[in-house]
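Note sheet for the following structure.
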Amino acid sequence: AQKITQTQPGMFVQEKEAVTLDCTYDTSDQSYGLFWYKQPSSGEMIFLIYQGSYDEQNATEGRYSLNFQKARKSANLVISASQLGDSAMYFCAMASAGGTSYGKLTFGQGTILTVHP
Amino acid sequence: EAGVAQSPRYKIIEKRQSVAFWCNPISGHATLYWYQQILGQGPKLLIQFQNNGVVDDSQLPKDRFSAERLKGVDSTLKIQPAKLEDSAVYLCASSLVRTLHEQFFGPGTRLTVL
Chain S
301 AQKITQTQPG MFVQEKEAVT LDCTYDTSDQ SYGLFWYKQP SSGEMIFLIY
351 QGSYDEQNAT EGRYSLNFQK ARKSANLVIS ASQLGDSAMY FCAMASAGGT
401 SYGKLTFGQG TILTVHP
Chain G
7 EAGVAQSPRY KIIEKRQSVA FWCNPISGHA TLYWYQQILG QGPKLLIQFQ
57 NNGVVDDSQL PKDRFSAERL KGVDSTLKIQ PAKLEDSAVY LCASSLVRTL
107 HEQFFGPGTR LTVL
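Going down the list, the protein sequences come from chains S and G.
So the number in the numbering used here is just where the residue sits in the first sequence, counting from 1, plus 300.
So the number in the numbering used here is just where the residue sits in the second sequence, counting from 1, plus 6.
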């Protein structure tokens with residue numbers, strides 16, 4: 301079974317500063333994908349970034365980067381130059397490559413990020 | 007490209023009533039997922055379809071929940087009868103194939119059971 305742990309219920313950051321949201325995962329699969337989604341108060345799930353388990357380089361998408369440390373089973377999200385619009389709930393998720401669960405997303409509990417002006 | 011569509015956006019019912027949610031995935035996406043997101047938690051997969059076949063429904067409470075995707079395109083999720091603990095946001099997502107890559111989510115249906 302897969303498990304995602306986000307230990308930070310809430311984080312605060314000053315506008316224009318960088319922030320790191322923590323995520324650790326547990327899986328027995330060799331092939332898997334790691335995701336970060338943003339969920340604003342309006343409720344939609346917005347895809348931010350993806351990291352494959354065999355990708356050797358850390359993924360980057362604009363201001364978002366994923367700090368992937370496979371041996372430590374961590375996949376932290378780094379947001380650089382925070383903006384007020386980044387205030388939202390952030391979910392770390394993993395897609396399994398195992399059997400009938402292939403593609404199924406397992407989500408963490410989420411971290412609420414608040415950006416202060 | 008149109009995104010995943012869901013309706014209704016909001017629904018309020020009393021316990022023991024029935025309710026149905028509809029999802030239209032992105033055109034050409036073979037895989038469709040229904041997730042339940044209880045307030046303050048991450049989404050949890052209820053059921054996964056590949057075309058019109060069920061791939062994984064291990065977490066679907068089958069005594070009250072049912073889902074279908076008859077023509078391999080849009081899908082309906084039904085709850086009958088509803089319980090208070092079914093109050094949640096029901097999210098539909100789709101992907102081109104069963105993939106370890108991105109799933110595209112719809113706006114969700116917020117269900118309140120009184």
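Glycine residues also receive a C-beta, built at the ideal position from the N, C-alpha and C atoms.
This one's a predicted model, so the numbers in the text were calculated from it and none came from an experiment.
In this structure, the CA atom of S:Gln-369 is about 23 Å from the CA atom of S:Ser-382. Contact of G:Pro-113 with chain S by beta-carbon distance below 7 Å involves Gly-343 and Glu-344. According to the DSSP assignment, S:Asn-376 belongs to the beta strand (DSSP E) that extends over 374 to 379. Under the 7 Å criterion on CB atoms, G:Gly-9 is classed as non-interfacial with respect to chain S. At least one CB of chain G lies nearer than 7 Å to the CB of S:Gly-403. Under the 8 Å Cβ criterion, the region 339 to 353 of chain S counts as touching the region 97 to 111 of chain G, having at least three qualifying pairs. Contact check for G:Lys-17 and G:Leu-90: beta-carbon distance about 14 Å, past the 8 Å limit, so the pair fails to qualify. Within chain S, the residues whose beta carbon sits less than 7 Å from that of G:Gln-47 are Gln-409, listed in sequence order.
In this structure the region 387 to 406 of chain S lies against the region 324 to 344 of chain S, because at least three pairs of beta carbons, one per stretch, are closer than 8 Å. In the displayed model, G:Glu-74 falls within a strand according to three-state DSSP. Nearest C-alpha to S:Phe-407 among G:Lys-50, G:Ile-44 and G:Arg-116: G:Lys-50.
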